[in-house]
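Protein chains: 2
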Amino acid sequence: MSDATNDLQQRAAALDSADPLAKHRELFALDDVETVYLDGNSLGALPRHVPERIADVITREWGELRIRSWDESGWWTAPERIGERIAPLIGAGAGQVVVGDSTSVNVFKAVVGAARLAPESRDEILVDATTFPTDGYIAESAARMTGRRAVPVAPGDLPAALGPRTAAVLVNHVDYRTGRLHDLPGLTAAAHEAGALAVWDLCHSAGALPVGLDAHGVDFAVGCTYKYLNGGPGSPAYLYVAERHQAAFDSPLPGWNSHTDPFGMTPGYTPADGAVRGRVGTPDILSMLALEAALDVWEGVSVEDVREKSLALTDFFLECVDAYVPRGRVTSVTPAGHAERGSQVSLRCEDGAETGDVMRELIARGVVGDFRRPDVLRFGFTPLYVGFADAERAARVLGEVLVGS
Amino acid sequence: MSDATNDLQQRAAALDSADPLAKHRELFALDDVETVYLDGNSLGALPRHVPERIADVITREWGELRIRSWDESGWWTAPERIGERIAPLIGAGAGQVVVGDSTSVNVFKAVVGAARLAPESRDEILVDATTFPTDGYIAESAARMTGRRAVPVAPGDLPAALGPRTAAVLVNHVDYRTGRLHDLPGLTAAAHEAGALAVWDLCHSAGALPVGLDAHGVDFAVGCTYKYLNGGPGSPAYLYVAERHQAAFDSPLPGWNSHTDPFGMTPGYTPADGAVRGRVGTPDILSMLALEAALDVWEGVSVEDVREKSLALTDFFLECVDAYVPRGRVTSVTPAGHAERGSQVSLRCEDGAETGDVMRELIARGVVGDFRRPDVLRFGFTPLYVGFADAERAARVLGEVLVGS
Numbered sequence: 001m002s003d004a005t006n007d008l009q010q011r012a013a014a015l016d017s018a019d020p021l022a023k024h025r026e027l028f029a030l031d032d033v034e035t036v037y038l039d040g041n042s043l044g045a046l047p048r049h050v051p052e053r054i055a056d057v058i059t060r061e062w063g064e065l066r067i068r069s070w071d072e073s074g075w076w077t078a079p080e081r082i083g084e085r086i087a088p089l090i091g092a093g094a095g096q097v098v099v100g101d102s103t104s105v106n107v108f109k110a111v112v113g114a115a116r117l118a119p120e121s122r123d124e125i126l127v128d129a130t131t132f133p134t135d136g137y138i139a140e141s142a143a144r145m146t147g148r149r150a151v152p153v154a155p156g157d158l159p160a161a162l163g164p165r166t167a168a169v170l171v172n173h174v175d176y177r178t179g180r181l182h183d184l185p186g187l188t189a190a191a192h193e194a195g196a197l198a199v200w201d202l203c204h205s206a207g208a209l210p211v212g213l214d215a216h217g218v219d220f221a222v223g224c225t226y227k228y229l230n231g232g233p234g235s236p237a238y239l240y241v242a243e244r245h246q247a248a249f250d251s252p253l254p255g256w257n258s259h260t261d262p263f264g265m266t267p268g269y270t271p272a273d274g275a276v277r278g279r280v281g282t283p284d285i286l287s288m289l290a291l292e293a294a295l296d297v298w299e300g301v302s303v304e305d306v307r308e309k310s311l312a313l314t315d316f317f318l319e320c321v322d323a324y325v326p327r328g329r330v331t332s333v334t335p336a337g338h339a340e341r342g343s344q345v346s347l348r349c350e351d352g353a354e355t356g357d358v359m360r361e362l363i364a365r366g367v368v369g370d371f372r373r374p375d376v377l378r379f380g381f382t383p384l385y386v387g388f389a390d391a392e393r394a395a396r397v398l399g400e401v402l403v404g405s
Numbered sequence: 001m002s003d004a005t006n007d008l009q010q011r012a013a014a015l016d017s018a019d020p021l022a023k024h025r026e027l028f029a030l031d032d033v034e035t036v037y038l039d040g041n042s043l044g045a046l047p048r049h050v051p052e053r054i055a056d057v058i059t060r061e062w063g064e065l066r067i068r069s070w071d072e073s074g075w076w077t078a079p080e081r082i083g084e085r086i087a088p089l090i091g092a093g094a095g096q097v098v099v100g101d102s103t104s105v106n107v108f109k110a111v112v113g114a115a116r117l118a119p120e121s122r123d124e125i126l127v128d129a130t131t132f133p134t135d136g137y138i139a140e141s142a143a144r145m146t147g148r149r150a151v152p153v154a155p156g157d158l159p160a161a162l163g164p165r166t167a168a169v170l171v172n173h174v175d176y177r178t179g180r181l182h183d184l185p186g187l188t189a190a191a192h193e194a195g196a197l198a199v200w201d202l203c204h205s206a207g208a209l210p211v212g213l214d215a216h217g218v219d220f221a222v223g224c225t226y227k228y229l230n231g232g233p234g235s236p237a238y239l240y241v242a243e244r245h246q247a248a249f250d251s252p253l254p255g256w257n258s259h260t261d262p263f264g265m266t267p268g269y270t271p272a273d274g275a276v277r278g279r280v281g282t283p284d285i286l287s288m289l290a291l292e293a294a295l296d297v298w299e300g301v302s303v304e305d306v307r308e309k310s311l312a313l314t315d316f317f318l319e320c321v322d323a324y325v326p327r328g329r330v331t332s333v334t335p336a337g338h339a340e341r342g343s344q345v346s347l348r349c350e351d352g353a354e355t356g357d358v359m360r361e362l363i364a365r366g367v368v369g370d371f372r373r374p375d376v377l378r379f380g381f382t383p384l385y386v387g388f389a390d391a392e393r394a395a396r397v398l399g400e401v402l403v404g405s
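Below is the structure:
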C-alpha cells in the first residue's frame, strides 16, 4: 500500500468516526459490505423497517380491514399527511405540500398552474435547457395547452432572458447530469423582478441540501421521493404550491380527490382549499405508505448537517480521485465551488474510454454508480448512509479500473 | 327458521356446490367467516399470495439489488407487461394497454388524445352525465385545454346528442351508483356513425363482465385495477389506445417514459410507438407489482364464466331481498334486465331510512357494502370470491336491520 493510500484511508477512518450522521447507516439495509452504494441519487437504499410496515399495510390494513382502511388506517389523508412530513425537509411551512402522482405529472400541474396565474400577454415559459428531459417535454405540453410557448434557456442565461413576456420559469435545482446546483434564491428573485413566477424541480436536491422554498419565495415546486428521500422505486412525487397562490391555483387535473367534498359526488367541480387542491385521483397506497415509513429515518436529522457532510464527502471523493486516478483520464464536470455543487460528483471519461464499460467494471468490483450517455460517470453521495471510507474505496477502485489493473 | 329462509339457504348451498368458480375463493385472504364482503366493487379483497411477492420486491429487489432491479427485475417494462395481462380481460389484443397513473390522469390522456384526433370543427365532447364525477371534472379540463366544450348528456340521450360537432364521447361502462350497464357496442357504433370517437371508462366492468374493446371498435378506454381486478388500494390504472390510433395519439402528458429512447435523454421529444406512448413518469413499482401478482388469480378463468356467475348472484340476491325485506322498504335502482346490469346491486332506502345508518348497522353485523349519498346502498358481487350463501345472508341481515330486529 502506498503512502498516499495509507494516508487517505486513515483520514477516511478519522472522518467516519467523527461523523455525527454515521450512526444513521444502521437504519438502512446495507449489509453487503462488499458494496459501496453511490446510486442513491437515482434510487435510495431501503430503510430497514419498511418491509415490516408494508407487510402490515398489505396483510392487515388491506387484507383484513379492507375498505374500512380508507378511514380507519388513514389512507384517504395520506397525500397531505406525507406532504407535511416532507415540508420541513424543503423549507416549506405547513399546508403547502401534497404527495401523489409522478414528477412528470406534477410538473404539468405546476407549470400549467403558474402559467394560468400570469396575464395572457406573458406568453413564454422559460425552461432550464439542461434540466432532466421530462421537465422540458412536459413544459412544452403545458405551454401548448395554455396558449404559450416553451423556450429552452441555459440556466446561466435565464436572468437575461426574463422579460415582460415571461409567464414562468422552470428550473432544476441540481442538474441531474453534472451535479451543478443552481442559484434558487437568485433566480427566483430575478423571476419575480421580471414579474414572472418560479417553478423549481427538487428531484436532485430534496434530502441532500437545504432548499428554503418559503424563505426564498418560490412559487411552485415539485420533486421525486425515491432518491435522497429513499421512498422506494417510483414512490409518489410531491407538489408545493405557495400558500399565497393556493386560492387561485387552477389545476389542469381536477380529479375528484381535489374536490372540496369528494364524497358528495356532485357533477360540478368545486376545488378544495389548500394543498389538497393538488391531488388528482385515488392515491397509490402501497407506494405511498412505503414512502411515509421511509421518512422516519429523518427524525432528529437536520438538513444543514446533511449538507455539511455531503460537501465534505464530495470534497474528499474529489481529493481521492485526484490521488488515485492517473491525470487526464477523468475530468470532474461537477463544480468545485460548494455554492454550485449538489450531492453527486460526475466525472467525464477522457481519451475515448467507454463510460458504460467503465461503470460496468466498477459495479462488478462493488462500486455502484451509474452513467449517462455519452461520457459521464455519476457518483451520488447520500449522507445518511455513505461514509468517507466508501468515498475512498470508490475512488481507489475507479483508479484501478482505469489503469486496467 | 321460516320455510322461505330454509328454502333459500338450501338453494344457496346447492348453487355454491355446483359453482365451478367457488374454488377461487381460496385464493383470497377471506378467513373472517363472520364477514360477507360485498365491497369488492370499491376495493377488491387481497389475493393470498400478494404479501409474499411484495416482501420479495421490497427486501430483495429494492433492498439488495437496488438500482439493478430496473433492468434485472423487470421494473422498467412493468407498465406494458402488466398491460398485456389485463388486455385479455377487457377484450384487447396485444400492444394496446399500458398500466400507470390514476384513472383520472388516464381519462385526461384519453379525452385529450381523442379530441386531438378530431377536426377542430368538432368542438364538443359529450360526457355521460351519470358518470363517476372525476370523469366529468377531468373531461371538462380536457375540453377546455383542447379548445372544446364538455357537454353532459344522460347516457340514454347520447345517440340523439351525437352530431357533426361531436369530437368524442366519454361514457362509463357501468354506472357506479346504480350498477346500470351501458350499451358499449351500440353507443360506440352510434359515435362512429356520427364521426366521433368513443372513450369508455371500465372501472366498474373490467373483471366482472366481458368488455370486448377490440370487437366493438372502441377507440380509447381507461379503468382502475383495485375493484374487480383486486390490485390493492390505489393500484395503478390503465389506458387502452386502439392500435389504429396509436401512431397519431398525441399525449398531453409526454413524460420521459413515453419517449422512444428514454435513456438517450435528448432535449427533443420523440414519442415511442405502441402502448408505451401512454406512459408518463417513473412507475410506482410497489403498487404496480402488487397488481401484477394479484392478476395471477385470473389464470384459467374465463370472463364469460365470471359474467354468468355474476348475473346468477345478483339475480339470487334480488330474489332474497324480495323474500326477506318487507315490501316498500327498499327499491332496486339496478336494472332487472341482464343486458343492463353490471355486477352490483344498488338499493334505494325508502321511507326516510338513513342510508348511512343502515349500512353502518349492516357492517356491524358483518355484511360489508357501502353507500352513496343520499339514499343508495351498494352491494358488489365479485364472482371470484362471493358465493350464493353470502348473497342469501346479506339479504337476510338487511331484512333484519330494516325491521329493527
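Residue numbers (full-length UniProt numbering), protein chains in the order written: chain A, 1 to 405; chain B, 1 to 405.
Just so you know, even glycine gets a beta-carbon here, dropped at the ideal spot from N, CA and C.
Keep in mind the model is a prediction, meaning the values are calculated, not measured.
- The beta carbons of residue 370(B) and residue 42(B) sit about 6 Å from each other, so the pair counts as a contact at 8 Å.
- If you ignore the 5 residues before and after residue 8(B), its C-beta comes within less than 7 Å of the C-beta of 320, 323, 392, all in its own chain and listed in chain order.
- Within the segment 245-267 of chain A, those residues whose Cβ lies closer than 9 Å to any Cβ of chain B are, in chain order, 251, 252, 253, 254, 255, 256, 257, 258, 259, 262, 263, 264, 265, 266, 267.
- For the C-beta of residue 64(A), the chain B residues within less than 8 Å are, from N- to C-terminus, 29, 32.
- Sequence-distant partners of residue 6(B) (beyond 5 residues in either direction) whose C-beta falls short of 6 Å from its own C-beta are missing from its chain.
- The beta carbon of residue 359(A) does not come within 8 Å of any beta carbon belonging to chain B, so the residue lies off that interface.
- For residue 143(B), same chain residues with a beta-carbon under 6 Å away, outside a window of 5 residues either side, are 125, 149, 150 in chain order.
- A straight line joining the alpha-carbon of residue 291(A) with that of residue 185(A) spans about 28 Å.
- Within the segment 131-143 of chain B, the residues whose Cβ lies closer than 8 Å to some Cβ of chain A are 132, 133, 134, 136, 137, 138, 140, 141, listed in chain order.
- Comparing C-alpha distances from residue 188(B) to each of 215(B), 176(B), 105(B) shows the shortest one belongs to 215(B).
- Taking a beta-carbon distance threshold of 8 Å, residue 75(B) counts as an interface residue toward chain A.
- Of the candidates 11(A), 16(A), 24(A), 24(A) places its Cα closest to the Cα of residue 302(A).
- Listed in chain order, the non-local C-beta contacts of residue 231(B) below 6 Å within the same chain comprise 225, 291, 294, local neighbours out to five positions each way being set aside.
- Judged by their CB atoms, residue 388(A) and residue 344(A) are not nearer to each other than the 8 Å cut-off.
- Sorting 367(A), 82(A), 166(A) by C-alpha distance to the C-alpha of residue 65(B) places 367(A) at the top.
- Looking only at 240(B), 286(B), 260(B), 328(B), the smallest Cα-Cα distance to residue 87(B) is reached by 240(B).
- Going by C-alpha positions, residue 338(B) is about 36 Å away from residue 60(A).
- In the DSSP assignment, residue 133(A) falls within the alpha helix (DSSP H) that extends over 133-145.
- With 16 or more other Cβ atoms from the protein chains shown falling within 10 Å of its own Cβ, residue 44(A) counts as buried.
- At a C-beta separation below 9 Å, residue 58(A) has these neighbours in chain B: 46, 50, 51, 54, 55, 232, 290.
- The closest CA to that of residue 72(A), considering only 62(A), 331(A), 79(A), is found on 62(A).
- Across the set 397(B), 207(B), 52(B), the C-alpha of 207(B) shows the shortest separation from the C-alpha of residue 173(B).
- Per DSSP, residue 249(B) is not a residue of any beta strand (DSSP E), being assigned neither H nor E.
- Counting only runs of 4 or more residues that sit fully inside the segment 56-93 of chain A, the alpha helix (DSSP H) segments are 69-72, 78-86, in chain order.
- A buried status is given to residue 288(B), since no fewer than 16 other beta-carbon atoms sit within 10 Å of its beta-carbon.
- Chain-ordered, the chain A residues with CB closer than 7 Å to the CB of residue 145(B) read 145, 252.
- In the three-state reduction of the DSSP assignment, residue 220(B) falls in the strand class.
- Restricted to the segment 161-216 of chain A, the alpha helix (DSSP H) segments that are unbroken, complete and at least 4 residues in length are 184-193, listed in chain order.
- In the same chain as residue 138(A), and ignoring 5 residues on each side of it, the C-beta atoms closer than 6 Å to its own belong to 104, 107, 108, in chain order.
- Pairing residue 74(A) with residue 81(A) gives a Cβ-Cβ distance under 8 Å.
- One Cα belongs to residue 347(A), the other to residue 334(A), and the distance between them is close to 7 Å.
- Residue 267(A) is positioned such that its CB atom lies closer than 8 Å to that of residue 133(B).
- Around the beta carbon of residue 164(B), fewer than 16 other beta carbons lie within 10 angstroms, which makes this residue exposed.
- Assignment of residue 352(B) by DSSP, reduced to helix, strand and coil, places it in the coil class.
- The beta carbon of residue 274(B) does not come within 8 Å of any beta carbon belonging to chain A, so the residue lies off that interface.
- The C-beta of residue 129(B) comes closer than 8 Å to at least one C-beta of chain A.
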